[in-house]
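Same order as they appear, the protein sequences are chains A and B.
Residue numbering for the first sequence follows the numbering used here, starting at 1 and increasing by one per position.
Residue numbering for the second sequence follows the numbering used here, starting at 1001 and increasing by one per position.
One structure is given below, encoded as C-alpha cells.
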Amino acid sequence: MQIADGKETYSKGGEDSNAQSFAISIENLSHSYDGKKYVISDVSFNVNRGEIFGLLGPNGAGKTTTIKILTTLIQPSKGDVKILGFDLRKDGIKIRRRIGVVQQDSSFDFATVRQNLDLYGFLWGIPKEERTKRSIELIKMFGLEEVANQRAFDLSGGQQRRLQVAREFIHDMDLLFLDEPTVGLDPLMRRRILDLLKEKARKEGLTILFTTHNLEEADYLCDRVAIMDKGRLQALDTVERLKRIYGGTKAIEVILASSVLNSEIPIYDNFFRKLREVQVDVEVSKQPTDSEPAVIVSKHPEKVIEAIISVANEQRVKIEWLNVRKSTLEDVFIEAVAPSGSSEEVSSQGNAKESTTIAKSSTQGGGGGTSANS
Amino acid sequence: MSSLPNSVRLAWRNLRVNTDPASLVVILGLPAMYLVFMGTMYVSIIPPFSIGGFEFSYASYLIGGILAFESVMAGTMGGSMLWADRRFGMFSQILSLPFTRTQYLGGVILATVAASLAGSVALVAIAIPMGSSIHVSPVGLVSVIGSLILGGIFFCSLMLFVAAKVDSNNAYNSIQIVIIFIVSFVSDAYYPINLRTPLPLRIISYLNPLTYVADGVRAGLVPSSNFFAILNPIETLVLLVETIVMFLVAYRTYANVKINIT
C-alpha cells in the first residue's frame, strides 16, 4: 500500500477482465468446517461494482461464514471466488488492501474512541495529520463527540457499534463488508448510517455487501438481495422483483360489521364458504378476532374484493374494513425460508426454485446483477 | 510512519495498546519489586560469593536474574496480546486488514522484545543506586541484549502457544501464573544452582532457558575479563536451540489458531 496525498493508491495488477464488471464473483461456493457438514452449499452470485447488496437469512443460514470467506479470513472448501478481480485463494493481501470489514462481533483496542480511530488509521498506514482529520470528522458524523475520550469498552452497545462502523471509514476502500452493522442502533442513527452507506455507494462508487435481519433496512438500502437458508441460496434479485415473485400472493384484510359478529350465526364461516364458491384460490390465513381483521390470501386480490362485495351484498352483511396489504420484504423472506413441512412449504419451495433460477441465469449470463436489475 | 514495515507497525500498535498503567505494573512493576524487596532484604544476610573468579554481592548477582525475569514478563505480555486480540475481536479484525498472520506474529514478538529491552533499562536504573555492580563493555552489551532478545522470543513463543491453545480466560491466567512461578524460581535467576540443589530441581533449572538468559545477562554485566568464566558458550547454544524449537512449536500452533474465541 502506498500513500499519496493522504489517499491510498494501489497496484491494480492481477485483475482480470471480470474485474471490470463485478466487485464480487462467486461460483459454486461450498464450505465445511469439519469436512462433513456443509454450512454453505453450492452458492453462486455476482455483485456489481457500486452496488449495495444485501445478504439475508435466518440465524445459521451461512451469512457470516460467507462474509468470512469473502474477506479472506477463512479459505473456502470448494468453489471459485473473485473479489475485485483478484483470486480469493491467491491474492488475499491484494484483496484486503481494497476492502473494509465491519464484523458481526465487536472488536476494539483497549483505548478511547479517539485512540481506537487513530490506531486503526495507523494500521492502515494513514499519515498522522490525515488520520487526525478523519477521526474528528468521523466522531462528528457518527455522533460520538460526547464519548470521544471514553474507553471503547465503557460505551453502550449502540455506541460501540457506531464506533465500529465509523472506524472502517478512516481508510479508503472499493468494497465494504458489513455483518449486521445496525444491531443495537436507535432508529435515527440507523437511518443516518444507512444514508451514509447509500451516499458512499452513489457518489463514490463504493460497493457494499451487508447482512442484516432487519428487512426494512434491506428494503431501504439494497439494490439487490440474496436470501440464504441452511447454507443455500434461496432467492436473489432486486427487492421489487422478489416482492413480485414471492409477494404475488396478496393479503386482503376484511372486518365485518360488529353487530353481525355478535350474532349467533357463524357469519364469517358462511361468508368464507360463499367466497370459496365463487373464488377458487381463497385461503383464510388468519381468523378474525374482536380487534383483528380476517386475512384472506389470494394471488388475485381484485377478484377476491369483487367477490367479497358481491357476497356481502347477497348475505346482507356490512363490511366495516377492507384492505389489500402491499407485499413486504418480510413476506418474501418468510416465504423463501419457510420451514420444511409447513403448510406454506409447497408454494415457497416452488417460488424458491423460480427465484434461484433467476439468480443462476443472471450469473451464467455474465451480466450477473445487471440482468436481474434490469 | 506510513512506510513502516507491517510487523513494525503492528508492534507499535501492540505497545500503545498494552502499555496502560495496569499492564506496566505487571510487566515492569513486578520485576522492580522483586529487585527492591529481594535486593534489600537478602543483601544483608547473604555474604558476597564468587562465581568464575568474580565476587558478586547479592545485589550484583540479582540484577542479572531480574533483567532475565523481565524477558519472562515481557513474554507474558506477548501471549496476552494474542489472547486479548482473540478475545476482543481484534485478531480477526487485524487479519482482515492487509497483514499476514506471520506479520501479526512478528508484531507481537517485536513488541515483546522492545518491552523487554526498555524494561531492562528501567530496572538497571533502579539497581545502580541499590549497589549493584554493573560493568559495561561491548561484548557484555552484546551478551545482555542478545540474551534478552532470545529470552523475549522464547517466553513470548511459550505464552503465544498457551494463548493459541486455551479458550478460557481463567485457564489462560492460571497457566500463565504457574509458568511464571516455575520458570522464575526453578532457575538461577535469584540464587545460584549448585550441587546441594535437589537433583530434580537442578535438572529443571538446567532445562529452563531463564537460567541461560540470566547467565548471559550476568556475564555481560561483569568486567569482560570475567565474561567466559561466567558464561559457557554452550549455554548460549542451548538457549538458541530452545528458542528456535519453542518458536517453531508456537508458530505451528498459532498458524492454526481459531480467529475468535466464542
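Backbone N, C-alpha and C define an ideal beta-carbon position, used for all residues, glycine too.
Under the 9 Å criterion on CB atoms, Arg1016(B) is classed as interfacial with respect to chain A.
Chain-order list of chain A residues neighbouring Thr1253(B): empty, with the shortest C-beta distance near 18 Å, by a criterion of under 7 Å. By the Cβ neighbour-count rule, Tyr33(A) is exposed, with fewer than 16 other Cβ atoms within 10 Å of its own. 9 Å or more divides the Cβ of Leu1148(B) from the Cβ of Ser1174(B). For Met228(A), the secondary structure class from DSSP, reduced to helix, strand or coil, is strand.
For Asn59(A), no beta strand (DSSP E) encloses it, and the DSSP letter there is neither H nor E.
Taking 9 Å as the CB threshold, Gly184(A) stays off the interface with chain B. Close to Asp1020(B), with beta-carbon spacing below 7 Å, are these residues of chain A in chain order: Phe110. Judged by their CB atoms, Leu322(A) and Val254(A) are nearer to each other than the 9 Å cut-off. Rounded to whole angstroms, Asn1208(B) and Ser1187(B) show a C-alpha spacing of 6 Å.
The criterion of a C-beta distance shorter than 9 Å is not satisfied by Leu1150(B) and Tyr1254(B).
Listed along chain A, the residues sitting closer than 7 Å to Pro1098(B) by beta-carbon distance are Met1, Ile93, Arg96, Arg97. Any Cβ of chain A closer than 9 Å to the Cβ of Phe1054(B) would place that residue at the interface, and such an atom is absent. Its Cα nearest to that of Ile1063(B), the residue Val1036(B) stands out among Asn1226(B), Ala1118(B), Val1036(B). As the crow flies, the alpha-carbon of Gln75(A) is around 6 Å from that of Ile69(A).
Contact between the region 1097-1109 of chain B and the region 1223-1241 of chain B is absent: fewer than 3 CB-CB pairs across the two stretches fall below 8 Å. Contact annotation for Thr71(A) against chain B: Ser1096 [CB-CB distance below 7 Å, chain order].
Annotated as distal: Ser107(A) and Gly1029(B), with beta-carbon spacing of 9 Å or more. Contact annotation: Leu1239(B) and Phe1185(B) have beta-carbon atoms that are not nearer than 9 Å. Contact check between the region 1055-1073 of chain B and the region 1126-1136 of chain B: three or more CB pairs, one atom from each, fall below 8 Å, which counts as touching. The C-beta of Gly125(A) comes closer than 9 Å to at least one C-beta of chain B. Chain A places no beta carbon closer than 9 Å to that of Leu1110(B), leaving this residue out of the contacts. Interface residue (Cβ-Cβ distance to chain A less than 9 Å): Gly1131(B) is not classified as such. Around the C-beta of Pro1233(B), fewer than 16 other C-beta atoms lie within 10 Å, and the residue is accordingly described as exposed.
Put simply, the backbone Cα of Ile136(A) is about 26 Å away from that of Phe1091(B). In this structure, the straight-line span from the alpha carbon of Arg114(A) to that of Phe142(A) is close to 12 Å. Ser32(A) sits in a strand when the DSSP states are folded into three classes. Shown here, Tyr1191(B) sits in coil according to DSSP, grouped into three states, outside any helix or strand.
Contact of Trp1012(B) with chain A is assigned, a C-beta pair being separated by under 9 Å. Excluding residues up to 5 positions away in sequence, Ser1157, Leu1160, Phe1161 lie with their Cβ nearer than 6 Å to the Cβ of Ala1250(B) in the same chain. Going by C-alpha positions, Val102(A) is about 15 Å away from Ile95(A). With respect to chain A, the C-beta atom of Ala1164(B) has no partner C-beta closer than 9 Å.
Taking a Cβ-Cβ threshold of 8 Å, the residues of chain B close to Gln103(A) are Gly1089, Ser1092, Gln1093, Ser1096, in chain order.
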